[in-house]
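As you go down the protein sequences, you meet chains A and B in turn.
Numbering of the first sequence is given in the working numbering, commencing with residue 1 and proceeding in unit increments.
Numbering of the second sequence is given in the working numbering, commencing with residue 203 and proceeding in unit increments.
Here a beta-carbon is modelled for each residue, glycine too, at the ideal position from N, C-alpha and C.
This structure is a prediction, so every number in the text was calculated from the model and none was measured.
Notes follow once the structure below has been shown.
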Amino acid sequence: MSREALHESLSAVMDNEADELELRRVLNAVDDAEVRDKWARYQLARAVMHKELLEPRLDIAAAVSAALAEEPAHHVTPPQAVAKRWRLLGRVAIAASVTVAVLAGVRFYNQDGLGEGTPQLAQQAVPHSSVASAVQGAAVLAGYSEEAVELAPSITAPLQSGPTWQEQRLPSYLRQHAQQAAMSAGGEGALPYARAASLEAR
Amino acid sequence: MRAISLLLLLGGWLVSPAHATEAQDWLLRMSAAERTQSFQGAFIYQRSGSFSSHRIWHGVDASGQVRERLLQLDGPVQEVLRINGRVACVKGALAEQVAAEQAWPVREFDPKQLQEWYDLRVAGESRVAGRPAVVLAVAPRDQHRYGFELHLDRETGLLLKSLLLNEKGQLLERFQFSTFEPGQPADADLQGGADCRQVQIAETSEMPPNNWRSEWLPPGFTLNSVLERRSAVSKEMVSCLVYGDGLARFSVFLEPLRGAVAEDARSQLGPTVAVSKRMSTDEGDVMVTVVGEIPLGTAERVALSMRSGLAQNTP
Chain A
1 MSREALHESL SAVMDNEADE LELRRVLNAV DDAEVRDKWA RYQLARAVMH
51 KELLEPRLDI AAAVSAALAE EPAHHVTPPQ AVAKRWRLLG RVAIAASVTV
101 AVLAGVRFYN QDGLGEGTPQ LAQQAVPHSS VASAVQGAAV LAGYSEEAVE
151 LAPSITAPLQ SGPTWQEQRL PSYLRQHAQQ AAMSAGGEGA LPYARAASLE
201 AR
Chain B
203 MRAISLLLLL GGWLVSPAHA TEAQDWLLRM SAAERTQSFQ GAFIYQRSGS
253 FSSHRIWHGV DASGQVRERL LQLDGPVQEV LRINGRVACV KGALAEQVAA
303 EQAWPVREFD PKQLQEWYDL RVAGESRVAG RPAVVLAVAP RDQHRYGFEL
353 HLDRETGLLL KSLLLNEKGQ LLERFQFSTF EPGQPADADL QGGADCRQVQ
403 IAETSEMPPN NWRSEWLPPG FTLNSVLERR SAVSKEMVSC LVYGDGLARF
453 SVFLEPLRGA VAEDARSQLG PTVAVSKRMS TDEGDVMVTV VGEIPLGTAE
503 RVALSMRSGL AQNTP
């Protein structure tokens with residue numbers, strides 16, 4: 001199959017116009033570095049068009065196709081369902097960074113109206129890419145990069161339509177997960193405590 | 203000449219297991235040090251969107267009793283007092299989501315077993331909090347967990363710094379001492395104070411009955427505990443299964459949807475990923491949410507492999 005055909009298929013998938021054949025073509029080629037690169041750039045371009053933030057390093061395409069490959073039920077999924085899945089994926093990829101902003105303010109919903117100042121709010125609306133990207137590649141003797149603290153406060157809280165099911169529950173799930181680790185018996189040390197405390201901060 | 207190269211080859215072959223053993227010994231020392239060494243100090247915790255500093259007092263008395271007090275220094279007061287590893291009291295919101303009468307069997311820290319899932323080696327030397335440290339690289343052997351870089355105090359073996367790294371080597375989380383001082387802390391520093399709230403955590407060795415099972419788990423992860431808790435949002439009973447590999451852990455939450463509108467979702471907060479998948483069961487749709495310090499793809503796969511019904515063959 002030609003590169004062009006593949007890229008056309010990729011483009012169709014991105015635009016939610018792919019038929020089953022095109023989907024399979026793209027899924028088959030997902031291991032191809034060039035195709036994945038292209039996928040990432042398409043995602044980025046779309047995000048820029050929508051003036052939304054995106055974490056391109058979060059390789060959702062790879063993660064999802066791996067998950068799909070493991071899921072026998074979906075080999076026989078009708079094309080519409082598959083297309084829907086991909087459409088969702090595109091949305092989710094872009095929504096992900098927004099959700100993170102919500103998560104970063106874990107206490108946001110619980111403390112609304114408790115007189116928490118707004119400056120903190122702005123501080124919390126931080127894209128999760130910042131630290132990871134600024135301090136990347138640091139294995140042994142990782143140095144602290146100053147860039148890590150320069151966080152773009154470019155996300156505003158997506159609250160117009162009220163919190164979704166996920167937004168209501170994820171903060172509580174996260175806290176429960178962290179606190180169970182921190183409070184469980186056995187000397188796991190200070191790290192689980194610090195993780196749990198970081199969800200309560202501010 | 204040939205003999206020399208053979209010797210070099212043999213030497214190289216012999217050296218690597220020795221390195222692994224050395225790393226194992228350091229990990230054993232680290233876990234023993236928590237029960238035998240007294241110290242105090244201050245550390246920072248950093249992940250995306252959060253940076254905080256904390257004090258720690260850790261005292262081991264003559265009878266071998268371990269008292270540890272942790273106190274957050276910025277923002278609201280968060281404080282925990284542990285006696286022999288068990289939480290004695292808490293100040294702040296830290297135990298809000300912990301229900302009483304939950305069972306958490308202790309999983310022994312076992313570097314030998316860890317070796318099956320992580321490649322352990324001594325990676326070099328460093329200096330943390332003004333003290334010479336040994337760097338251990340804990341690299342995952344598969345794509346289902348993250349790697350750690352641990353810096354242990356040369357003198358005491360205690361953990362001075364821990365970095366969590368994803369598969370691309372990006373830093374997800376940093377835990378690091380800024381000051382560290384060995385020696386017994388003052389008694390007053392090891393008390394919780396009057397407003398430190400007692401936490402009742404009953405321990406049972408029995409796991410409660412569980413209607414959920416996972417058809418796939420990342421290798422090395424086992425079920426640590428099962429709990430049920432009423433959701434603060436919907437008043438539904440939410441089941442929670444906790445899995446771990448001895449280093450990493452994740453929780454699976456299962457909440458009935460009762461016709462509610464909810465889409466699948468995935469997000470990442472520092473080291474912690476959260477993946478939600480809608481699942482159909484005989485009793486209606488359920489939202490499966492996997493939360494843990496594991497890669498996104500792994501969480502996704504775990505979420506897809508949850509099934510209702512009693513386990514036929516529990517591992």
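What three-state label does DSSP hand Val488 (chain B) in the structure shown?
Here residue 488 (chain B) refers to the residue found at position 286 when the second sequence is read from its first residue. Correct three-state label for Val488 (chain B): strand.
Closer than 8 Å is the cut-off here; do at least three beta carbon pairs connect the stretch 417-431 of chain B with the stretch 489-506 of chain B?
yes
Using only the alpha-carbon positions, how far apart do Ser478 (chain B) and Arg175 (chain A) sit?
Counting from one through the second sequence, the residue named residue 478 (chain B) turns up at place 276. Counting from one through the first sequence, the residue named residue 175 (chain A) turns up at place 175. Cα-Cα distance, rounded: 16 Å.
Which residues in chain B have a C-beta closer than 9 Å to the C-beta of Glu200 (chain A)? List them in chain order.
Counting from 1 along the first sequence, the entry for residue 200 (chain A) is found at position 200. Those are Gln274, Gly277, Pro278, Gln280, Gly294, Ala295, Leu296, Glu298, listed as they occur along chain B.
Looking at Val488 (chain B) and Glu457 (chain B), is the spacing between their C-beta atoms short of 8 Å?
Along the second sequence, one-based indexing puts residue 457 (chain B) at 255. Along the second sequence, one-based indexing puts residue 488 (chain B) at 286. It is a contact, given that the beta carbons lie within the stated cut-off.
Use the C-beta contact count for Leu275 (chain B): other C-beta atoms within 10 angstroms, 16 or more gives buried, fewer gives exposed.
On the second sequence, residue 275 (chain B) is found 73 positions in, with the first residue counted as 1. It is exposed - the Cβ of Leu275 (chain B) has fewer than 16 other Cβ atoms within 10 Å.
Closest residue to Glu430 (chain B) among B:Ser441, B:Thr424, B:Ser436, B:Arg399 (Cα-Cα distance):
On the second sequence, position 228 is the one that residue 430 (chain B) refers to. Residue B:Ser441 is the option with its Cα nearest to Glu430 (chain B).
Give the C-beta separation of Arg347 (chain B) and Ala222 (chain B) to the nearest angstrom, bearing in mind that I take them to be a contact with Cβ-Cβ under 8 Å.
On the second sequence, position 145 is the one that residue 347 (chain B) refers to. On the second sequence, position 20 is the one that residue 222 (chain B) refers to. Actually they do not touch by this definition, with Cβ atoms about 18 Å apart.
So who's on the other strand from Tyr445 (chain B), going by DSSP bridges?
In the second sequence, the residue the question calls residue 445 (chain B) occupies position 243. Partner(s): B:Leu425, B:Phe452.
DSSP three-state label for Trp418 (chain B), please.
Walking along the second sequence from the start, residue 418 (chain B) turns up at place 216. It is coil, neither helix nor strand.
So, are the CB atoms of Gly481 (chain B) and Trp414 (chain B) less than 8 Å apart?
Taking the first residue of the second sequence as 1, we reach residue 481 (chain B) at position 279. Taking the first residue of the second sequence as 1, we reach residue 414 (chain B) at position 212. Rather than Gly, the amino acid found at residue 481 (chain B) in this sequence is Met. For Met481 (chain B) and Trp414 (chain B), no; Cβs fall outside 8 Å.
Whole-angstrom Cβ separation of Ser255 (chain B) and Ile246 (chain B), contact assumed at under 8 Å?
Reading the second sequence from its first residue, position 53 is the one you call residue 255 (chain B). Reading the second sequence from its first residue, position 44 is the one you call residue 246 (chain B). At roughly 5 Å, the Cβ-Cβ gap stays under 8 Å, so Ser255 (chain B) and Ile246 (chain B) are in contact.
For Ala244 (chain B) and Phe452 (chain B), what's the separation of their Cα atoms in angstroms?
Along the second sequence, one-based indexing puts residue 244 (chain B) at 42. Along the second sequence, one-based indexing puts residue 452 (chain B) at 250. Spanning the two alpha carbons is a distance of roughly 28 Å.
Kindly indicate which residue of B:Gln470, B:Val475, B:Gly486 has the alpha-carbon position closest to the one of Leu459 (chain B).
Counting from one through the second sequence, the residue named residue 459 (chain B) turns up at place 257. Minimum Cα distance to Leu459 (chain B) is reached at B:Gly486.
Minimum Cβ-Cβ distance from Ala197 (chain A) to chain B less than 8 Å:
The count along the first sequence starts at 1 and reaches residue 197 (chain A) at position 197. Chain B, which has a Cβ nearer than 8 Å to the Cβ of Ala197 (chain A), makes this yes.
For Gly446 (chain B), which residues of its own chain have a beta-carbon under 6 Å away from its beta-carbon, when the five flanking residues on both sides are left out?
Within the second sequence, the letter at position 244 stands for residue 446 (chain B). Asn426, listed in sequence order.
Can you name the residues of chain B whose CB is closer than 8 Å to the CB of Ser172 (chain A)?
Translated into the one-based positions of the first sequence, residue 172 (chain A) becomes position 172. Ordered by position in chain B, the residues that pass the 8 Å Cβ test against Ser172 (chain A) are Gln299, Ser433, Ala434, Val435.
Output needed for Val289 (chain B): all residues of its chain with C-beta closer than 8 Å, excluding positions within five of it in sequence on either side, in chain order.
Taking the second sequence and counting its residues from 1, one reaches residue 289 (chain B) at position 87. Contacts found: Val282, Leu283, Ala297, Val401, Ile403.
Can you tell me which of B:Leu373, B:Leu443, B:Gln386 puts its alpha carbon nearest to the alpha carbon of Gly472 (chain B)?
Position 270 of the second sequence holds residue 472 (chain B). Nearest C-alpha to Gly472 (chain B): B:Leu373.
Residue-chain proximity (Glu303 (chain B), chain A), Cβ-Cβ < 8 Å
If you number the second sequence from 1, residue 303 (chain B) lands on position 101. In this predicted model, Glu303 (chain B) has a pLDDT of only 45, less than 50, meaning its place in the structure is not dependable; the value taken from the coordinates is given anyway. Closer than 8 Å: no.
Residue environment, Val492 (chain B), which counts as buried when at least 16 other CB atoms sit within 10 Å
Your numbering for residue 492 (chain B) matches position 290 in the second sequence. Buried.
Whole angstroms are fine: how far does the CA of Val268 (chain B) sit from the CA of Ala388 (chain B)?
Taking the second sequence and counting its residues from 1, one reaches residue 388 (chain B) at position 186. Taking the second sequence and counting its residues from 1, one reaches residue 268 (chain B) at position 66. Going by the C-alpha atoms only, they are around 14 Å apart.
Can you tell me whether Pro313 (chain B) is buried or exposed, with buried defined as 16 or more other CB within 10 angstroms of its CB?
Position 111 of the second sequence, counting from 1, holds the residue named residue 313 (chain B). Burial call: buried.
Just to confirm before moving on: does the CB-CB distance between Ser436 (chain B) and Phe311 (chain B) stay below 8 Å?
In the second sequence, residue 436 (chain B) corresponds to position 234, counting from 1. In the second sequence, residue 311 (chain B) corresponds to position 109, counting from 1. Cβ atoms of Ser436 (chain B) and Phe311 (chain B): not closer than 8 Å.
How many Å lie between Gly189 (chain A) and Glu236 (chain B) at the Cα?
Translated into the one-based positions of the first sequence, residue 189 (chain A) becomes position 189. Translated into the one-based positions of the second sequence, residue 236 (chain B) becomes position 34. Roughly 8 Å between the two C-alpha positions.
What beta strand (DSSP E) runs, 3 residues minimum, are completely inside the stretch 322-383 of chain B?
333-342, 349-355, 361-367
Under three-state DSSP, which class holds Gly277 (chain B)?
Here residue 277 (chain B) is taken as the residue at index 75 of the second sequence, counted from 1. Note: Gly277 (chain B) maps to coil in three-state DSSP.
C-beta atoms of Ala501 (chain B) and Val475 (chain B) nearer than 8 Å
Your numbering for residue 501 (chain B) matches position 299 in the second sequence. Your numbering for residue 475 (chain B) matches position 273 in the second sequence. Cβ distance < 8 Å, so Ala501 (chain B) and Val475 (chain B) count as in contact.
Using a cut-off of 8 Å between C-beta atoms, extract the partners of Ala33 (chain A) located in chain B.
By one-based count along the first sequence, residue 33 (chain A) stands at place 33. Under the 8 Å cutoff, chain B gives no residues; its nearest Cβ is about 14 Å from Ala33 (chain A).
Please decide whether Thr223 (chain B) counts as near chain A, where near means a Cβ-Cβ distance under 8 Å.
Residue numbering aside, residue 223 (chain B) sits at position 21 when the second sequence is read from its first letter. Output row for Thr223 (chain B): interface = no.
Host alpha helix (DSSP H) of Thr500 (chain B) (start-end):
The count along the second sequence starts at 1 and reaches residue 500 (chain B) at position 298. Looking at the DSSP string, the run of the alpha helix (DSSP H) that includes Thr500 (chain B) is 498-506.
Which of the residues in the stretch 376-389 of chain B, read from start to end, lie with their CB under 7 Å from any CB of chain A?
Phe377
Run through chain B and tell me which residues come within less than 7 Å of Ala5 (chain A), C-beta to C-beta.
Counting from 1 along the first sequence, the entry for residue 5 (chain A) is found at position 5. Neighbours of Ala5 (chain A) on chain B: none; closest Cβ ~28 Å, over 7 Å.
Does Met439 (chain B) pass the burial test, meaning 16 or more other C-beta atoms within 10 Å, or should it be called exposed?
In the second sequence, the residue the question calls residue 439 (chain B) occupies position 237. Flag for Met439 (chain B) reads exposed.
Own chain residues within Cβ distance below 7 Å of Gly294 (chain B), not counting five before or after:
Working through the second sequence from its first residue, we reach residue 294 (chain B) at position 92. Excluding sequence neighbours, Gly294 (chain B) sits near Pro278, Val279, Gln280, Glu281.
I'd like the list of long-range same chain contacts for Trp259 (chain B), defined as Cβ closer than 6 Å, with 5 residues on each side in sequence excluded.
Position 57 of the second sequence, counted from the first residue, corresponds to residue 259 (chain B). Cβ within range, chain order: Gln242, Arg271, Pro387, Asp391, Leu392.
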